[in-house]
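Worksheet for the structure shown next.
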Amino acid sequence: MKPYVLVIEDEDAILTLLEYNFRKEGYEVGLATDGEMGLLMASERTPDFIICDWMMPKLSGVEVCRRLRRRDETRATPIIMLTARGEEADKVTGLDFGADDYIVKPFSVPELLARVRAVIRRSAPSLLEDVIRHGTLEIDLKAMRVKYAGQDLHLGPTEFRLLEHFMRSPSRVYSREQLLDKVWGRDVYVEARTVDVHIGRLRKALKSMGGHDPIRTVRSAGYAFETSVLSD
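Numbered by numbering that gives the first Met the number 0, the letters in the sequence shown go through residues 0 to 231 in order.
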């Protein structure tokens, strides 16, 4: 799965520039041209990362940032603010409202991409990793292989994507609908109960290796991946 970045920017030229470069770097990109659209898109699908302009129609970037930080789903989502404001007081304001970093226009695209990688390394390092490990469970995203307690674990494509998603975001509870968006994609229509079927297959495969089942069912909420049951 590609990391999903939401770009909220009202200047078409910058929006196009960022979309091109993020896609080139392997990101999936969502585009919003004002603050209200950005908040709506973030509520429909939680981004892995957000780039937000300061001066926009309808809602300022600072207000967008403040509202995102009040939501449980986006409370910890990395946010970089883009702005023509270069004064120290403005930077402090943006950071105080929850931005993780601040870049003044005009900016260098390589610098922006480097800042993005730096913030992700601090807040969600698994998004940049090819191999993710929790205890004795390891997933290699380039080789498309899974090992559990040193043994190869054979999974179907959907179970592989489910496990990747869970291992990138341990302990967080995901509803069936959120898992459908993240693993199957927003443009694919399947019943929500389909998630239960594939969760069952993933659990069966994990338990067949003699280990514990790290997937926790949260009643009326969804599923979470608990690393505490995975021994080192």
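The beta carbon of each residue, even a glycine, is placed where N, CA and C say it ideally should be.
Where Pro213 falls, given that 16 or more other Cβ within 10 Å makes a residue buried: Taking the first residue of the sequence shown as position 1, residue 213 is located at position 214. Around the Cβ of Pro213, a 10 Å sphere holds 16 or more other Cβ atoms; the residue is buried.
Rounded separation between Asp99 and Ser207 - CA only: Position 100 of the sequence shown, counted from the first residue, corresponds to residue 99. Position 208 of the sequence shown, counted from the first residue, corresponds to residue 207. In this structure, the CA atom of Asp99 is about 42 Å from the CA atom of Ser207.
Asp95 classed as buried or exposed, judged by whether at least 16 other C-beta atoms fall within 10 angstroms: Working through the sequence shown from its first residue, we reach residue 95 at position 96. With fewer than 16 other Cβ atoms within 10 Å, it is exposed.
Phe21, enclosing alpha helix (DSSP H) - first and last residue: Position 22 of the sequence shown holds residue 21. Looking at the DSSP string, the run of the alpha helix (DSSP H) that includes Phe21 is Asp11 to Lys23.
Range of the contiguous alpha helix (DSSP H) that encloses His232: With the chain covering only 0 through 231, there is no way to say anything about residue 232.
Residue from Asp129, Glu62 and Thr226 whose Cα sits closest to the Cα of Gly97: Sequence index remark: in the sequence shown, residue 97 carries index 98 (1-based). Out of Asp129, Glu62 and Thr226, Glu62 has the C-alpha closest to the C-alpha of Gly97.
Euclidean distance between Cα positions of Asp195 and Thr216: The residue given as residue 195 occupies position 196 in the sequence shown. The residue given as residue 216 occupies position 217 in the sequence shown. The alpha-carbon atoms of Asp195 and Thr216 are separated by roughly 10 Å.
CB of Gly34 within 8 Å of CB of Leu58, strictly: Counting from one through the sequence shown, the residue named residue 34 turns up at place 35. Counting from one through the sequence shown, the residue named residue 58 turns up at place 59. The answer is yes: Cβ separation under 8 Å.
Cβ neighbour criterion (16 or more within 10 Å) applied to His197: Looking up residue 197 in the sequence shown gives position 198. Answer is buried; the Cβ neighbour count reaches 16.
Span separating the alpha-carbon of Arg200 from that of Glu158: Counted from its first residue, the sequence shown places residue 200 at position 201. Counted from its first residue, the sequence shown places residue 158 at position 159. If I take the Cα positions, the gap works out to 7 Å.
Alpha helix (DSSP H) runs wholly inside the segment 105-157, at least 4 long, in chain order: DSSP runs (the alpha helix (DSSP H)) wholly in the segment 105-157: 108-122.
Given 8 Å, three or more beta-carbon pairs between the segment 1-11 and the segment 25-33: Counting Cβ pairs under 8 Å, three or more are found: they touch.
Rounded separation between Leu178 and Leu161 - CA only: As a working note, residue 178 is residue 179 in the sequence shown. As a working note, residue 161 is residue 162 in the sequence shown. Computed Cα separation, rounded: 8 Å.
Same chain, Cβ closer than 8 Å to Gly221, five either side skipped, listed in chain order: For the purposes of this step, residue 221 is taken as residue 222 along the sequence shown, with counting starting at 1. Same-chain partners within the cutoff: Val172, Tyr173, Ser174, Arg175, Gln177 and Leu178.
Per-residue DSSP class, three states only, for Leu232: No answer is possible for residue 232: it lies beyond the span of the chain, which begins at 0 and ends at 231.
Sub-8 Å separation of Leu140 and Glu163 beta-carbons: Indexing the sequence shown from 1 puts residue 140 at position 141. Indexing the sequence shown from 1 puts residue 163 at position 164. One thing to note: Leu140 has its Cβ within 8 Å of the Cβ of Glu163.
Backbone CA spacing between Met40 and Ile49 [nearest angstrom]: Locating residue 40 in the sequence shown gives position 41, counting from the first residue. Locating residue 49 in the sequence shown gives position 50, counting from the first residue. Roughly 11 Å between the two C-alpha positions.
Per-residue DSSP class, three states only, for Val172: Here the question's residue 172 lines up with position 173 in the sequence shown. For Val172, the secondary structure class from DSSP, reduced to helix, strand or coil, is coil.
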